[in-house]
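Plus 3 on top of the position in the sequence shown (first one is 1) and you've got the numbering used here.
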Amino acid sequence: MTFSELYHYKDLQADIRDLTAELEAISFLKAVDYSGMPHGTGVGDPTSALVMQRDKLVDKLTAKKMESLAEMNRIEEYIDTIPDLELQTLFREHFILLMTYEAIGNAHNYDRTTIAKKIRRYLKDSHNSRS
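Next up, the structure:
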């Protein structure tokens with residue numbers, strides 16, 4: 004697995020966070036149940052336009068969450084193949100729990116650069132061994 008594959012989960016989490024913020028920005032709609040309500044064309048009807056926007060955001064958010072869950076499972080499976088338990092923990096903390104190198108280093112009494120080097124070295128070595 005490559006860095007970009009591992010960081011894809013982090014990108015998905017950022018997308019989820021952004022979509023959630025957008026939904027919260029139009030949160031005044033959640034007080035009313037719009038399910039089953041005709042949506043119309045949205046032309047000249049601000050409520051309908053907002054409902055359509057909200058529905059679109061909810062659909063995007065749901066899709067991102069499903070993709071994120073699948074990606075997390077794929078990364079977890081990869082992490083489980085790492086023979087070194089310490090490296091498994093470091094990978095899980097960084098790529099699943101989205102902890103920074105500095106936070107991981109503090110938790111394990113390492114410098115952040117040590118954590119980064121351990122992860123980078125393992126990925127480089129495992130990539131070279133497959134080539």
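Glycine residues also receive a C-beta, built at the ideal position from the N, C-alpha and C atoms.
* Collapsed DSSP secondary structure at A34 in the structure displayed -> The predicted model places A34 with a pLDDT of 49, which falls under 50 and marks its position as unreliable, so this point remains unresolved.
* Report yes if the C-beta distance between H111 and Y104 is below 8 Å; otherwise report no. => The criterion of a C-beta distance shorter than 8 Å is not satisfied by H111 and Y104.
* Between the Cα of L60 and those of E74, I82, S30 and A73, spot the shortest distance and give me the residue it belongs to. => From the listed residues E74, I82, S30 and A73, the smallest Cα separation to L60 is found for S30.
* Option in T65, R77, L26 and M69 with minimal Cα separation from V54 -> L26
* **Residue burial classification, L72 (beta-carbon count within 10 angstroms, cutoff 16)** => Under this definition L72 is an exposed residue.
* Asked: For M75, does the three-state DSSP call read helix, strand or coil?
  -> Three-state DSSP puts M75 in a helix.
* In this structure, does DSSP put D87 in helix, strand or coil? -> coil
* In chain order, what residues of the same chain lie with their CB nearer than 7 Å to the CB of D18, ignoring the 5 residues before and after it? -> K67
* Please go through the same chain and pick out, in chain order, the residues whose beta-carbon is closer than 8 Å to the beta-carbon of L15, but skip the five residues on each side of it. => Excluding sequence positions up to five before and after L15, its CB lies within less than 8 Å of the CB of K67, E70, S71 and E74, all in the same chain and listed in chain order.
* Residues in its own chain within less than 7 Å of I107 by CB, not counting five upstream and five downstream? -> L93, E96, H97 and I118
* Asked: Anyone know if the C-beta pair for L22 and L64 falls short of 8 Å?
  -> yes
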